[in-house]
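Visitor:
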Amino acid sequence: MSEETYFLVDRDRAEIVVCPSLAGISEETRAALYDKEHRAYVDLTVIKPGGTHRIALEAIQPLRRYSLKLQRRGAESKWHDLRRTLSLGLLGDLHTRTVSPGEWGVRDHCHVHLRDAVSGDVLHRRSIAPGGSTTFVLERSDGPTHQLEIFEDIDGRPGGRLGNRMKLTPPALLGQLPATFEEHESGLAHTRRSNVVVSRNVLKRKRAQGLASHGFIGVWDHDGPVLEASDWVLGRQQYQHLPERPSATRRLPVAIYLGIPRPSWGHFLTQGLARAWYALEHPDIPVLWHAGRLASFQKEVLDLIGLRNEQLFVTEPTAIDELIVPLPGACIGEFVLPEFAKAVGRHPSRPQVAGRKVFLSRSGLGDGRGSIENDGDHTLDRLFADHGFTIVRPEELSVREQLDEMTSAEIVVGLEGSALHSVLLMEDPVRTKFWALTRHRGGSGVYAHIKSAKSLSYETLNFTTRRIRTADADVALDVEALERALQSTDGFSRNLAALDQRIERPSDFQTRLMGHLHNGQVRLDGRDGAARDAYLALRSRSGEPDEVATLLEPLF
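Count along the sequence shown starting at 1, add 14, and that's the number in our numbering.
1) When we look at the beta-carbon of S16 and count the other beta-carbons within 10 Å, is it buried (16 or more) or exposed?
2) So, at 6 Å on beta carbons, what are the nonlocal neighbours of L105 in its own chain, with the 5 sequence-adjacent residues on each side left out?
3) Where does L411 sit, in a helix, a strand or coil, going by DSSP?
4) Am I right that I270 and L302 are in contact with their C-beta atoms under 8 Å? What's the rounded C-beta distance?
5) How should D235 be labelled, buried or exposed, when 16 other C-beta atoms within 10 angstroms of its C-beta is the threshold for buried?
6) Considering only C-alpha positions, which residue in the set S278, T263, S363, K62 is nearest to T329?
7) Assuming I319 is part of the alpha helix (DSSP H), what are its boundary residues?
8) Distance, Cα to Cα, R498 vs S412?
9) Compare the C-alpha of G347 against each of K465, G378, L294 and name the closest.
10) Rounded to whole angstroms, how far is the Cβ of L451 from the Cβ of E430, which I believe are closer than 8 Å?
11) For a test of the three-state rule: what should DSSP assign to D107, helix, strand or coil?
12) Nearest-angstrom Cα distance between Q85 and D95?
13) Classify R537 as buried or exposed, calling it buried when 16 or more other Cβ atoms lie within 10 Å of its own Cβ.
14) Under 8 Å between the Cβ atoms of T404 and V427?
15) From Q285 to L496, what distance separates their C-alpha atoms?
16) Counting along the chain, where does the alpha helix (DSSP H) carrying V493 start and finish?
17) In the DSSP assignment, find the unbroken beta strand (DSSP E) run with M440 in it and report its ends.
18) Give the secondary structure of F506 by DSSP, where H, G and I count as helix, E and B as strand, and everything else as coil.
19) Within the same chain, show all residues whose beta-carbon is closer than 8 Å to that of G378, passing over the 5 residues directly before and after it, in chain order.
20) Just confirm the distance between the C-beta atoms of D488 and S375, as a whole number of angstroms; I'd bet it's less than 8 Å.
21) Since L248 and F354 should fall inside the 8 Å C-beta cutoff, what is the C-beta to C-beta distance between them, to a whole number of angstroms?
22) Quick check on the burial criterion: 16 or more other C-beta atoms within 10 angstroms. Buried or exposed for L58?
23) Closest to E494 by CA distance: which of R87, V339, T478, I482 is it?
24) Assign K50 to buried or exposed, taking buried as 16 or more other Cβ atoms, counted over all protein chains shown, within 10 Å of its Cβ.
25) By Cβ distance below 6 Å, which residues in the same chain neighbour Y549 in space, the five residues on each side in sequence not counted?
26) Between L470 and F448, how many whole angstroms is the CB-CB distance? I'm expecting something under 8 Å.
27) Could you tell me the alpha carbon to alpha carbon distance between D167 and H123, rounded to whole angstroms?
28) Write down the C-beta distance between L439 and I319 rounded to the nearest angstrom, noting that I regard them as a contact closer than 8 Å.
29) Can you list, in chain order, the stretches of the beta strand (DSSP E) that have 3 or more residues and sit fully within the stretch 220 to 275?
30) Does DSSP put E17 in a helix, in a strand, or in coil?
31) In the DSSP assignment, find the unbroken alpha helix (DSSP H) run with G79 in it and report its ends.
32) Under 8 Å, do V216 and P260 count as touching if we go by C-beta distance?
33) T148 and V126 look like a contact to me (Cβ under 8 Å); what is the Cβ gap, rounded to whole Å?
34) Pairing CB atoms from the stretch 20 to 38 with CB atoms from the stretch 60 to 74, are three or more of them under 8 Å?
35) On the DSSP letters alone, give me the boundaries of the beta strand (DSSP E) that D391 sits inside.
36) Would S101 pass as a contact of S81 if the rule is Cβ separation under 8 Å?
Quick look at the structure:
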């Protein structure tokens, strides 16, 4: 240790420790912390012989802005420099991130792990008391990427993971939260942004994997990107923000931002409708979809839930004097709020037909959509028909017809998938009993969250013979075991204790959006920023990703 060194970093407590004895100083001293930007001392603390003084790293960011020196008391109690001034920038680009599990909805004692995103190694393990927080010391303010996991506490040790693994955004890349959130019932809220410009999105051709994004959205106010216009799915911020605010070619006085409508059935219900609750309360204000148009099934759903607002689309850079941004009432794999489910659940149930059972078939969807191996989808159709089920192919029916088929049945069975998201559109209370057959989620995530939000009678049964990891992977199903279960329970209608060993019991833990907003990213630096700029430049030539551009997609 050099004689000039009289402080060190306590990474566990995220503090600089001023320790004069490190430099061989045994007398009373004073630590003088100087803010070079404001040209003023911000901390003058006397340290007794053999003592120390601690300074929170979080309070002195960035470090290069501050310097530190030791002083001794001289004649007439005046302080004189004892050691030369040292810039705290010598410590490098250390920065801090404080994690408060309560922001993610964790109220009890828990454990937080921080992983290196490249190696997967756990860098830090922290035990957090209820309502507490922890601060991590990291090497750079703009990277590298770290991942955060929160676990429940079981007798003082980490138990099951609460929620999904999340990317911990470096401080230099974080977005700015709005000054106020206008809160509604049951966690629903919205913001108001002024002087906003919305431009067309630039979305990837390949589907994102892991914690990668799906592309870029363009929503800015005068301070920069509008953070709450983004979306979170399974711990991942689904979209990054375009880097530049363009000049607008049209202007609107006011609009409600509904985001990207999503092209598929299940994602439209769970994401495309996630902000519609506010529009349903304010039919006189136009809504703005971050798309060029809506599909016919989307229009049918909006008519069903009673959305009567004028509908506008982003076909060119558009300025909005006041943009109302409802926070999503649902995020896939994160949460589904009961008040959101109530807002979009508008279709009344039909009278139930005694003994009527429905099987939601996937045999018409084709390969590559999570089919059952060995033409198993058609096998399931025959099996359930033999046990008295009406076979329904939802994609062949109107939205109302689908809902009528389900609400008029006492029992509905289907494989995990978008068809089971349709229950969101049903008016409460839903009397139908639902049985799902496991594919890749095991009843967790959005399925468990919809069940909770709508107080459904809904269970997931596992008849798979191997683990399924992705939504489009083929499913290996033990059809013989399924047939025995149907026989012993008279089509899942009695003797249900026989199914206990097959029932999935997923966690119904739900995160809170505020945690994701506090961790929201609006900038890309370094390699990610360079890859984005190259990608956007290539895309601007034709509007569609060519092969070279597509090669860059996994980088951000």
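Built from N, CA and C at the ideal position, the CB exists for glycine as well. Fair warning: this is a prediction, and the values are worked out from it, not measured in the lab.
Guide: The short version:
1) Residue placement at S16 is poorly supported in this model, since its pLDDT is 45, which falls under 50; the coordinates still yield a value, given next. Looking at its Cβ environment, which holds fewer than 16 other Cβ atoms inside 10 Å, S16 is exposed.
2) L77
3) coil
4) That pair is a contact at about 7 Å.
5) buried
6) Comparing Cα positions, the closest option is T263.
7) 310 to 319
8) 34 Å
9) K465
10) Contact annotation, L451 with E430: C-beta distance approximately 7 Å; criterion of less than 8 Å satisfied.
11) coil
12) 4 Å
13) buried
14) no
15) 33 Å
16) 493 to 502
17) From DSSP, M440 is part of no beta strand (DSSP E); its letter is neither H nor E.
18) coil
19) Within its own chain, the residues whose Cβ lies closer than 8 Å to the Cβ of G378, once the five positions on either side in sequence are excluded, are R407, E409, E410, listed in chain order.
20) Contact check for D488 and S375: beta-carbon distance about 16 Å, past the 8 Å limit, so the pair fails to qualify.
21) 18 Å between Cβ atoms; not a contact.
22) exposed
23) The closest CA to that of E494, considering only R87, V339, T478, I482, is found on T478.
24) exposed
25) A563, L566
26) Right, the Cβ-Cβ distance comes to about 6 Å (below 8 Å), so this counts as a contact.
27) 6 Å
28) 7 Å
29) 229 to 235, 264 to 273
30) Confidence at E17 is low in this model, with a pLDDT of 47, below 50, so its placement is unreliable and the value that follows should be read with caution. Reduced to three states, the DSSP call for E17 is coil.
31) Rather than Gly, the amino acid found at residue 79 in this sequence is Arg. No alpha helix (DSSP H) holds R79; DSSP gives it neither H nor E.
32) no
33) 6 Å
34) Yes: at least three Cβ pairs fall under 8 Å.
35) Premise fails: D391 lies in the alpha helix (DSSP H), 390 to 400, not in any beta strand (DSSP E).
36) yes
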